[in-house]
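S.K.:
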Amino acid sequence: MNDLRMGVGVHSPITALLAEEAGADVLWLGSLEMSTSLGVPDREVLEPHEIAGIIRSVRAVTSLPIYVDADTGRGSDELAVLATKLYEEAGADAICVEDNLFPKRNSLDDRVGGRELLDPEAFAGRISAMAAARRSLKVIARTEALVAGHGVDAAVKRLNRYAAAGADALFAQANRASAGQLLPVVEKIAPLRPMVLAPTVLPGTDAEAFAAYGPVTVLFANVIMRSLVAGTSRVLREVMSSRRLTSVSSELAGVERLFELTERARAAGRGPGSGARESGGPASGGPASGGQTLNGGASGEQTSGGQTSGGQTSGGQVSGGQTPGRQRPGDAGRERARSLMAGAAFDYCAGGAGDESGMRRNVERLDALTLTPRVLRDVSERSTATELFGRRLAAPVLVTPMGLQALCHPDAEVASAAAADSLGLGFALSMFSSRPVEDVAPAAPGLWQQIYLLREREVSWSMLRRAEEAGAGAVVCTVDVPVVGRRSRDARNKFSRFDAAPPALVRDPAFLGLLGHRRKRTPALTAADLVSELFPDPGVSWADLASLRSRTRLPLVVKGILHPADAERAVDAGADAIQVSTHGGRQSDRHLAAVDALPAVVSAVGGRVPVLFDSGVRSGAHIASVLSLGASAVLVGRPVLWGLASGGREGAAKALASLLTELDHTMALLGAPAVTDLGRELTGPQGRS
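Residue numbers (this note's numbering): 482 to 1170.
1. Counting pairs of Cβ atoms below 8 Å between the segment 818–834 and the segment 1078–1088, do you hit three or more?
2. Under 7 Å Cβ to Cβ from Q890, same chain only, skipping five residues before and after it: list those, please.
3. Under 8 Å by Cβ, that's how I've got D431 and C577 pegged, so tell me the actual separation to the nearest angstrom.
4. Once you ignore the five residues that flank A1138 on each side, which residues in its own chain have a CB closer than 7 Å to its CB?
5. Measuring straight from C-alpha to C-alpha, what distance separates Y933 and L885?
6. Could you give the residue range of the alpha helix (DSSP H) that holds E894?
7. First and last residue of the beta strand (DSSP E) that includes G907?
8. Can you name the start and end residues of the beta strand (DSSP E) that K1040 belongs to?
9. Would V1038 and A955 qualify as a contact pair, given that the criterion is a beta-carbon distance under 9 Å?
10. Where Q931 and E949 are concerned, what is the direct C-alpha to C-alpha distance, given to the nearest angstrom?
11. Figure out for me which residue from L519, E525, R988, H1072 has the closest Cα to the Cα of D961.
12. Looking at C-beta atoms only, is the number of pairs between the segment 1086–1095 and the segment 858–866 that lie closer than 8 Å three or more?
13. Is it true that the CB of L589 sits closer than 9 Å to the CB of N641?
14. For the beta strand (DSSP E) containing F652, name the first residue and the last one.
15. Buried or exposed, going by whether 16 or more other CB atoms sit within 10 Å of the CB of K566?
16. In its own chain, which residues sit with a C-beta less than 8 Å from the C-beta of V1052, not counting the 5 before and 5 after it?
17. Given this structure, state the Cα-to-Cα distance separating A660 from S708, to the nearest angstrom.
18. Would you list the one or two residues that DSSP bridges to S864?
19. Would you kindly report the start and end of the unbroken alpha helix (DSSP H) that includes T853?
20. Between E579, T1142, D1095, A622, which has its C-alpha nearest L847's C-alpha?
21. Unbroken alpha helix (DSSP H) runs of length 4 or more, entirely within the segment 940–980: which are they?
22. Is it true that the segment 520–537 meets the segment 817–826, where meeting means three or more beta-carbon pairs spaced less than 8 Å apart?
23. DSSP beta-bridge partners for Q930?
24. Tell me, please, which residues DSSP counts as bridged to I1059.
25. Please state whether the Cβ-Cβ distance between L888 and E1143 is less than 9 Å.
26. Comparing C-alpha positions only, which one of A922, V964, T959 sits nearest to R947?
27. To which residues does DSSP link N843 through a beta bridge?
28. Sorry if obvious, but does the Cβ on R486 come closer than 8 Å to a heavy atom of the ligand GTP?
29. Enumerate in chain order the residues of its own chain whose CB-to-CB distance from A1134 is below 7 Å, with the five nearest sequence positions on each side excluded.
30. For the alpha helix (DSSP H) containing R873, list its first residue and its last residue.
31. Less than 6 Å between C-beta atoms, sequence neighbours within five positions excluded: which residues of the same chain meet that for V1076?
32. Buried or exposed for G802, please, with buried defined as at least 16 other CB atoms from any protein chain shown within 10 angstroms of its CB.
33. Starting from the C-beta of A497, find all residues in its chain whose C-beta is less than 7 Å away, skip the five residues before and the five after it, and write them out in chain order.
34. Only counting runs of 3 or more residues, tell me where the beta strand (DSSP E) segments fall wholly within the segment 564–598, in order along the chain.
35. Given this structure, state the Cα-to-Cα distance separating P494 from V633, to the nearest angstrom.
36. Have a look at the DSSP bridge pairing and note the partners of T698.
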């Protein structure tokens, strides 16, 4: 039928050739097939760059349309957008994302109990972000509403919402229990929207029965993999039993057939061994049967070595200053986080500006500090407790503001904030967080809200008001970003933090009002486009800081100061604390190490306000050293991200607890029963110079 396309699930160049030879119209790179072929669970274990490699290998041998299963997009808008870009560049024609929660559970796995789905509005936002990021790649929105037991009406409602959000085609999935509900969904959706189906649970239904209602692509999603497993098992059992090949010869392809397939793969310069294919799209110019169902082809370019494997830079140094053979508490979860995160996401969190020497310098200079202990002091009872802005903290330690934490774990800032609060520590929330302050504040009452002064100041003031209403305990104004740092890893990975607009901003009424106003002039303007227009503002001045000071009674922390004269001026402008910071080495590779700037800033401030510190802290010994140099509190960054990636709230709490344990141990060795006993007299020659 004209409205029917037949697809086959493949996982390699050879299976793609076999599907094409059999008459498939579409190739489906399903997560079950790809995961099984590599011996890993179908639980979103494969990273986007690994899947992109599979796409490239298949695209090299066929011009058929390739639809790629992206599961939940690893549970975040940012990673879904990253996958959209990577897969299109690799040669995919369509990407499919589902409204399951991360990590997804296969809809056919009867071992899995009750299922929860993502809120439809949140998933619609993910679809919109993906649609805005693609060039011509088609976005397929898949609902698991039938699988979750929500019924036909709920499935239809979700699919219609996803279509309105920008999905090019709609995918309804059913399991054995809901198989009878699939056709009623098709009856309501297919006449209006192109559909994609994988009717594995309806093996007796003719594909044309679905196409009777409208344009449908029917995927025989895992036929090749299942036949491969069944056939191989049968043949091997027979061979092992009979000890000869004659009993299975009729079931084996001749070796000539293998030669034929590999030669076909190399034909016309398309095979993996015949050199790189031309960039600009599929090998023969686009998908077949132009216009049916998804109506379009891939414009993806062949990447030229731009992918990283687990974050390795071209220079080989990715440790952020870690001394070979030394394992700091703050580095403990780093390698596990690398193994769990998408490569580009890990690089975004782990990387620094330029050649990353500034990032490494922060850690190395802290490593170089020594401390001089006092002896014969009673340290049988020790306390790390302190007070800051009238709030008692279990230790002078806070989590520094870091954006887009959903890159590490779906629970994002809610988890890291709860981890800090569970230990009696402070938490600072980034303006560019993955979760808005209204969601995070209940997990960490009295959290600090970090803001940038955007080109449209009213958006910043609106964020400030929201933080105040949510019960924030302080506001942190970051002042060291007149322009965004040049980060080579992100450039190589084609990763932009604003491919998807940060949810914290998307929920802001001032931002939404501005977006609506701008769209009157530029209808195609996306939320991500607007964020890029607003940030950063190189025109921010001391007058803007004074304006911020006049708008809130919250304690004001000015973050990103390294020069003592700037520290003095900030205090004169009304700052309640100074945060010495190099942005974790993410802004410049030429800045001095943050710890080298600390003593002069402490001296310039002269005790009028607390001096806080971040950048390079990886251990409790680092914290003790910084406190001895005069800091009132220390803010920790990457160690929390690695813990978050490794184990959500529990992982982040474990990372922080490890730092606190070492801080307490270091204090005992220094003869300091309280953090107030950590002073300049304990610093080695480097700290006193």
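We put the beta carbon where it would ideally sit given N, CA and C, even for glycine.
M.R.: Concretely, from the data shown:
1. no
2. A small correction: the amino acid at residue 890 is His; Gln does not occupy that position in the sequence shown. Once the five neighbours on either side are set aside, the close Cβ partners of H890 are A896, L1125, A1126, G1129.
3. With the chain represented from 482 up to 1170, any question about residue 431 goes unanswered, as that position is not in the structure.
4. L904
5. 15 Å
6. 893–903
7. 907–910
8. That run of the beta strand (DSSP E) goes 1037–1042.
9. yes
10. Their backbone Cα atoms lie some 12 Å apart in a straight line.
11. H1072
12. no
13. no
14. 650–653
15. buried
16. I1059, V1086, R1089, V1090
17. 22 Å
18. Paired residues: A1155.
19. Where T853 is concerned, there is no enclosing alpha helix (DSSP H), given that its DSSP letter is neither H nor E.
20. D1095
21. 969–974
22. yes
23. L910, V956
24. Residue pairing of I1059 in beta bridges, as defined by DSSP: V1039, V1092.
25. no
26. A922
27. Partner(s): none; N843 has no beta bridge.
28. The ligand GTP is absent from the structure shown, which contains no ligands of any kind.
29. Result list for A1134: A900, S903, L904, in chain order.
30. Run containing R873: none in the alpha helix (DSSP H); it sits in the beta strand (DSSP E), 872–874.
31. Taken in chain order, the residues that qualify are R846, L847.
32. Its pLDDT being 41, under 50, G802 is placed unreliably by the model, and nothing is read from it.
33. V491, L508, V539, V542, T543
34. 575–579
35. 37 Å
36. T698 is bridged to R486, V677.
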